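S.K.: Please read through the structure below; I'll follow up with questions.
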Amino acid sequence: MSVTENNVSEAMREGVVVPATSRAERFTSYDVEAFEVPGGREENWRFTPMKRLRGLHDGSAAASGSATVDADAAPELKIETVGRDDERLGAAGVPSDRIAAQAYSSFTEATVITVPKETKTSKPSTVKITGPGEGKVAYGHVQVRAEQFSEAVIVLDHVGSGTYADNVEFVIGDSANVTVVSVQDWADDAVHVSEQHLKLGRDASLKHIVITLGGDLVRVSPTATFADKGGDVEMLGLYFADAGQHQEHRLFVDHAVPNCKSNVMYKGALQGDDAHTVWIGDVLIRAAAEATDTYELNRNLVLTPGARADSVPNLEIETGEIEGAGHASATGRFDDEQLFYLQSRGIGEEAARRLVVRGFFHEILVKIGVPEVRERLEAAIEAELEAVGA
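Okay, here's the thing in structure tokens:
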């Protein structure tokens with residue numbers, strides 16, 4: 001399909017939000033002082049409860065602890081702990097906000113995970129990152145490097161307490177095929193702000209999955225870029241917010257080269273007073289990115305009164321010579337008609353509610369492709385529903 005100027009205008013009338021400032025002008029820097037201290041009214045911060053960031057945004061959160069990194073990895077992987085001066089660091093992207101720059105300036109050691117060239121790992125690998133502990137602050141850095149023609153599944157599992165900010169890099173080499181899962185299953189007190197940088201080489205494929213369940217405030221910002229033609233990125237997300245939790249996911253897909261694909265699908269459920277989720281999906285198709293094919297979708301299911309979901313898709317197109325570009329975004333409350341239909345078939349109310357929520361998440365769950373993660377998610381969803389007697 002070729003998208004003309006009229007198609008773009010029609011898409012805008014149907015609800016695509018085009019930012020006042022082009023995403024092509026997005027500012028990035030490793031220097032913390034290059035960013036103003038955000039006050040909460042800026043577009044990038046207007047949904048975030050600034051007081052709950054515990055000073056990560058204004059420089060007052062000095063490191064007072066450290067996160068621990070433990071790996072249960074396939075034997076083919078190479079895992080290193082390196083210093084700040086390692087020349088490989090920063091290859092996937094540059095911080096785009098003050099907290100990410102603070103994290104980059106403050107980490108003392110980084111974990112580098114390498115999938116060797118032309119290697120297919122024998123099993124999924126899990127890297128557990130445990131927070132610094134209640135009342136403590138830590139900054140971290142992780143880089144995943146998949147060399148040419150490699151294949152791997154890697155899970156980053158975030159658990160524990162404390163305040164933690166990090167940058168995570170995924171450098172995907174030419175013709176590599178990688179699945180990465182970032183699980184945020186923090187304790188109730190935790191604050192986690194993460195900027196994740198995805199860079200795909202020629203004909204590379206990356207499935208990037210974000211799962212957010214725990215924590216007081218979690219803000220994950222993945223950015224996908226393409227170094228050469230033929231890249232294919234699938235960005236999936238599943239989140240479930242309880243009373244008082246703030247979960248924010250900010251995605252940016254930057255199509256700057258021809259013949260690349262991106263597909264984004266995030267789904268979330270909310271329950272309890274002051275549960276709040278935010279999803280921002282920005283896609284930029286630059287003038288040189290001919291034959292781009294992109295689509296993004298966000299769905300939110302509000303299970304109880306007092307919960308709020310914000311969803312903002314943004315699509316910016318600088319060329320009409322593309323294969324396709326689209327989006328869908330919707331937030332709805334629990335469907336009483338659907339519940340009534342199931343009950344009329346002899347299914348009890350509690351079981352019917354569970355079926356509706358399972359059905360809502362099914363489309364994401366079947367795409368995860370990592371049995372251990374899927375089983376854990378299914379159990380977590382059941383536990384969430386039990387908490388409100390669903």
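Quick note, the sequence shown lines up with residues 1 to 390 if you use the UniProt record's numbering.
We put the beta carbon where it would ideally sit given N, CA and C, even for glycine.
None of these values were measured; they are calculated from a predicted model.
Enumerate in chain order the residues of its own chain whose CB-to-CB distance from E349 is below 8 angstroms, with the five nearest sequence positions on each side excluded.
M.R.: Within the sequence shown, residue 349 is the residue found at index 349, counting from 1. L339 and Q343, listed in sequence order.
S.K.: Secondary structure at F343, three-state DSSP: helix, strand or coil?
M.R.: Position 343 of the sequence shown holds residue 343. Here the sequence assigns Gln to residue 343, which means Phe is not the residue at that position. Of the three classes helix, strand and coil, the one that applies to Q343 here is helix, per DSSP.
S.K.: Between T294 and H255, is the Cβ-Cβ spacing less than 8 angstroms?
M.R.: The sequence position of residue 294 within the sequence shown is 294, counting from 1. The sequence position of residue 255 within the sequence shown is 255, counting from 1. Cβ distance < 8 angstroms, so T294 and H255 count as in contact.
S.K.: Give me the Cβ distance between L315 and A325, rounded to the nearest whole Å; I'm assuming they're in contact under 8 angstroms.
M.R.: In the sequence shown, the residue the question calls residue 315 occupies position 315. In the sequence shown, the residue the question calls residue 325 occupies position 325. With 8 angstroms as the limit, L315 and A325 qualify as a contact, their Cβ atoms being about 6 angstroms apart.
S.K.: Check the C-beta distance from S64 over to K136 and give it rounded, since I have them as a contact under 8 angstroms.
M.R.: Indexing the sequence shown from 1 puts residue 64 at position 64. Indexing the sequence shown from 1 puts residue 136 at position 136. S64 to K136, Cβ: 5 angstroms. Contact.
S.K.: Anyone know if the C-beta pair for R23 and L284 falls short of 8 angstroms?
M.R.: On the sequence shown, position 23 is the one that residue 23 refers to. On the sequence shown, position 284 is the one that residue 284 refers to. Yes, the pair counts as a contact, with Cβ atoms nearer than the cut-off.
S.K.: How many angstroms separate the CA atom of T114 from the CA atom of E337?
M.R.: Within the sequence shown, the letter at position 114 stands for residue 114. Within the sequence shown, the letter at position 337 stands for residue 337. Spanning the two alpha carbons is a distance of roughly 50 angstroms.
S.K.: DSSP three-state label for Y30, please.
M.R.: Looking up residue 30 in the sequence shown gives position 30. Looking at Y30 - three-state DSSP - the assignment turns out to be coil, as it is neither helix nor strand.
S.K.: Would you say G133 and S161 are within 8 angstroms of each other, going by their C-beta atoms?
M.R.: The residue you call residue 133 lines up with position 133 of the sequence shown. The residue you call residue 161 lines up with position 161 of the sequence shown. Yes, these two residues count as a Cβ contact at 8 angstroms.
S.K.: Is the CB-CB distance between V153 and S125 below 8 angstroms?
M.R.: Taking the first residue of the sequence shown as position 1, residue 153 is located at position 153. Taking the first residue of the sequence shown as position 1, residue 125 is located at position 125. Yes, the pair counts as a contact, with Cβ atoms nearer than the cut-off.
S.K.: How far does the beta strand (DSSP E) with I79 in it reach, from first residue to last?
M.R.: The residue labelled residue 79 in the question sits at position 79 within the sequence shown. From DSSP, the beta strand (DSSP E) with I79 extends over K78 to G83.
S.K.: Which value, in whole angstroms, describes the spacing of the CA atoms of A309 and K117?
M.R.: Taking the sequence shown and counting its residues from 1, one reaches residue 309 at position 309. Taking the sequence shown and counting its residues from 1, one reaches residue 117 at position 117. Taking the straight line joining both Cα atoms gives about 42 angstroms.
S.K.: Quick one: what does DSSP say E386 is sitting in, helix, strand or coil?
M.R.: Against the sequence shown, residue 386 aligns to sequence position 386. Looking at E386 - three-state DSSP - the assignment turns out to be helix.
S.K.: Mapping DSSP to helix, strand and coil, what is E318?
M.R.: Sequence index remark: in the sequence shown, residue 318 carries index 318 (1-based). Here E318 sits in coil by DSSP.
S.K.: In the DSSP assignment, the beta strand (DSSP E) including H276 goes from what residue to what residue?
M.R.: Residue mapping note: residue 276 aligns to position 276 of the sequence shown, counting from 1. It spans H276 to I285 - the beta strand (DSSP E) in which H276 sits, taken as one unbroken run.
S.K.: Provide the residue(s) that pair with Q247 in DSSP beta bridges, ordered along the chain.
M.R.: Against the sequence shown, residue 247 aligns to sequence position 247. V218 and T277.
S.K.: Tell me which same chain residues have a C-beta within less than 8 angstroms of the C-beta of D335, skipping the five on either side of it?
M.R.: For the purposes of this step, residue 335 is taken as the residue at position 335 of the sequence shown. Cβ within range, chain order: V356.
S.K.: Would you kindly check if the distance between the Cβ of F35 and the Cβ of residue 438 is under 8 angstroms?
M.R.: Outside the shown range of the chain, which is 1 to 390, sits residue 438, and nothing can be said about it.
S.K.: Please determine, among V312, R353, L303 and A307, the residue with the shortest C-alpha to C-alpha distance to L297.
M.R.: Numbered from its first residue, the sequence shown carries residue 297 at position 297. Closest by alpha carbon: V312.
S.K.: Taking N265 and I172 to be in contact with their CB atoms under 8 angstroms, please state how far apart those CB atoms are, rounded to whole angstroms.
M.R.: Position 265 of the sequence shown, counted from the first residue, corresponds to residue 265. Position 172 of the sequence shown, counted from the first residue, corresponds to residue 172. For the record, residue 265 in the displayed sequence is Met; it is not Asn. With a Cβ gap of about 19 angstroms, M265 and I172 do not count as contacting.
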